[in-house]
Each structure stands twice: as C-alpha cells, then as structure tokens.
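Novice: Please see the structure below; I have some questions.
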Amino acid sequence: DGGITQSPKYLFRKEGQNVTLSCEQNLNHDAMYWYRQDPGQGLRLIYYSQIVNDFQKGDIAEGYSVSREKKESFPLTVTSAQKNPTAFYLCASKAGAHNEQFFGPGTRLTVL
Amino acid sequence: AQSVSQHNHHVILSEAASLELGCNYSYGGTVNLFWYVQYPGQHLQLLLKYFSGDPLVKGIKGFEAEFIKSKFSFNLRKPSVQWSDTAEYFCAVNAPGGATNKLIFGTGTLLAVQP
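Protein chains in written order, with this note's numbering: chain A, 1 to 112; chain B, 113 to 227.
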C-alpha cells in the first residue's frame, strides 16, 4: 500500500530540546517537502529536497534542519533555535512534472 | 513573489446550498493550480487540479473549479453541499519551470455545513 507515513502523530517537547520528525514514502518520488501549518496561515514551506543528498531552504527554514540520505526518507529536526515550534507539521512528496504533491498525515508538535 | 489569496476565511452553509470559494493568485506566467481539502482528522488530499486545456475542471465529490486567466482566479464551486463537505480548503499555485519549483498555498477556508 503506497503512501507517506509520518511519525509520531503527537509529540511533546520541553523548551531547549531538539526533536526529529520522521517522514517516509514508498511512492518512489524524487522530491519531498516539509510544511508547517498554523491556524489561519495555511501551509508554509520549511525545506524541500528534489533529489537524494540535496535540499533547499523554503520560506521559513530558520530553526529547522533536514537530511536526505535516502530517497524514501526526509527527516526534519526542529532545533531549540526555532522560536515558536508548536505547530502541525506536514510532509509531502511530489509526483510528476506538474508538481502534484501527496501529503502524509502530519505530526502535531507541542512545546511545553 | 508569487502569492495566493483566499478571501473567505470561514464559510457556514446549510445542506443543499451552493458553494463558491474564491482563490486569486499573483503570477503573470503559466501556472498550475490546485485545490486541496483537509477533512477533520484526515490527510490533506487533492480535490482537483488545472494544468492546461479546458479551464473548467472537475474534481472528486462533485467539486469543480474554473480558471479565469484574465482575473488570475481559480474559484472552487459545488452546486449542492453536504454535511460531509465540512473541511478546510486550500488553494495552491505552482509556476512550472521556476527555480524553486514549489507550491504556494493560500491561508485556507474553513467550511462548516449545517445539517
């Protein structure tokens, strides 16, 4: 069953701690994306990767880091430098030339 | 820079009412346009898309959207909504061939359909 999985579904973290969100896809897509969703602000792009071992900053990359060592995996680390990390994080992968993206179920991160 | 505007932030309708959600984008060249829907507790999923050709596109669950190039608009419509259409709707635009090759999303419209 093809798709995108994200784990965990809910994550709680104390201030000052780094945390890594998992994103895995078995769709054989080259490109993968991380978005942050906040109420009333839509989806904002954090980082994206168009191919293995390559990634670019999106619109709100500060305080985040990523890696793309495997085609299937694109983990996102929320560092202690991110000033307002509590949000819903969505991972996506891209199919085809027209940039139709498929989304995972999301991870809700709460910083206590 | 590209941007997408969704002017309706919250919409409340009764079942069987007609729906139209506005979407305007700012980009003068060729665009790909999308509407995504997020039902409560579910994945964000594609509702419909426009790449080229007939500007009236039909999607899943009876939704359709019309691309009007002169107005930079891609409004979403449904003739008769159901309670199950309660969800958040996002318009998105991509400029193919651009350096960043990314989707720009609007801020979303929360639709509540009352039975």
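Built from N, CA and C at the ideal position, the CB exists for glycine as well.
In the DSSP assignment, what are the bridge partners of Thr-107(A)?
Specialist: On the first sequence, position 107 is the one that residue 107(A) refers to. DSSP, once it has assigned bridges, lists Tyr-89(A) as partnering Thr-107(A).
Novice: Please work out which residues of its chain come closer than 7 Å, Cβ to Cβ, to Val-116(B), disregarding the five sequence neighbours upstream and downstream, and give them in chain order.
Specialist: Your numbering for residue 116(B) matches position 4 in the second sequence. Closer than 7 Å at Cβ, skipping near neighbours: Cys-135, Tyr-137, Cys-203, Ala-204, Val-205, Ile-216, Phe-217 and Gly-218.
Novice: Do Leu-131(B) and Thr-221(B) have their C-beta atoms within less than 7 Å of each other?
Specialist: As a working mapping, residue 131(B) is identified with position 19 in the second sequence. As a working mapping, residue 221(B) is identified with position 109 in the second sequence. Not closer than 7 Å, so no.
Novice: Taking only beta-carbon positions, decide if Lys-214(B) is within less than 7 Å of chain A.
Specialist: As a first step, residue 214(B) must be located in the second sequence, where it is residue number 102. Closer than 7 Å to some Cβ of chain A, the Cβ of Lys-214(B) qualifies, so yes.
Novice: Which chain A residues sit within Cβ distance under 7 Å of Phe-217(B)?
Specialist: On the second sequence, position 105 is the one that residue 217(B) refers to. Within 7 Å Cβ-Cβ: Gly-42 and Leu-43.
Novice: What residues in its chain sit with their C-beta under 8 Å from that of Ala-61(A), if we drop five residues either side in the sequence?
Specialist: For the purposes of this step, residue 61(A) is taken as residue 61 along the first sequence, with counting starting at 1. So the qualifying residues of the chain are Ile-46 and Tyr-47.
Novice: For Phe-12(A), is the classification buried or exposed, using 16 other Cβ atoms within 10 angstroms of its Cβ as the cut-off for buried?
Specialist: Stepping through the first sequence from its first residue, residue 12(A) is reached at position 12. Phe-12(A) comes out exposed.
Novice: Just the chain A side, please: which residues come within less than 9 Å of His-121(B) by C-beta, in chain order?
Specialist: The count along the second sequence starts at 1 and reaches residue 121(B) at position 9. Going along chain A in sequence order, the residues near His-121(B) (Cβ under 9 Å) are Gly-40.
Novice: Compute the Euclidean distance between the alpha carbons of Arg-108(A) and Ser-196(B), then round it to the nearest angstrom.
Specialist: Walking along the first sequence from the start, residue 108(A) turns up at place 108. Walking along the second sequence from the start, residue 196(B) turns up at place 84. Going by the C-alpha atoms only, they are around 24 Å apart.
Novice: What is the rounded straight-line gap between the Cα of Glu-15(A) and the Cα of Ala-128(B)?
Specialist: Position 15 of the first sequence, counting from 1, holds the residue named residue 15(A). Position 16 of the second sequence, counting from 1, holds the residue named residue 128(B). About 48 Å.
Novice: Tell whether a beta-carbon distance below 7 Å holds between Lys-190(B) and Gly-174(B).
Specialist: Here the question's residue 190(B) lines up with position 78 in the second sequence. Here the question's residue 174(B) lines up with position 62 in the second sequence. Yes.
Novice: Alpha carbon to alpha carbon, what distance is there between Gln-41(A) and His-122(B)?
Specialist: On the second sequence, position 10 is the one that residue 122(B) refers to. On the first sequence, position 41 is the one that residue 41(A) refers to. So the two alpha carbons sit approximately 13 Å from each other.
Novice: Given a threshold of 16 other Cβ atoms within 10 Å of its Cβ, counted over all protein chains shown, does Ala-92(A) qualify as buried or as exposed?
Specialist: Locating residue 92(A) in the first sequence gives position 92, counting from the first residue. It is buried - the Cβ of Ala-92(A) has at least 16 other Cβ atoms within 10 Å.
Novice: How should Ala-224(B) be labelled, buried or exposed, when 16 other C-beta atoms within 10 angstroms of its C-beta is the threshold for buried?
Specialist: Translated into the one-based positions of the second sequence, residue 224(B) becomes position 112. By the neighbour-count rule (16 or more Cβ atoms within 10 Å), Ala-224(B) is not buried but exposed.
Novice: Name the chain A residues whose beta carbon is nearer than 7 Å to that of Lys-161(B)?
Specialist: Translated into the one-based positions of the second sequence, residue 161(B) becomes position 49. Chain A residues near Lys-161(B): Glu-100.
Novice: Any idea which residues DSSP pairs Gly-42(A) with across the strands?
Specialist: Taking the first residue of the first sequence as position 1, residue 42(A) is located at position 42. Asp-38(A), per the DSSP bridge assignment.
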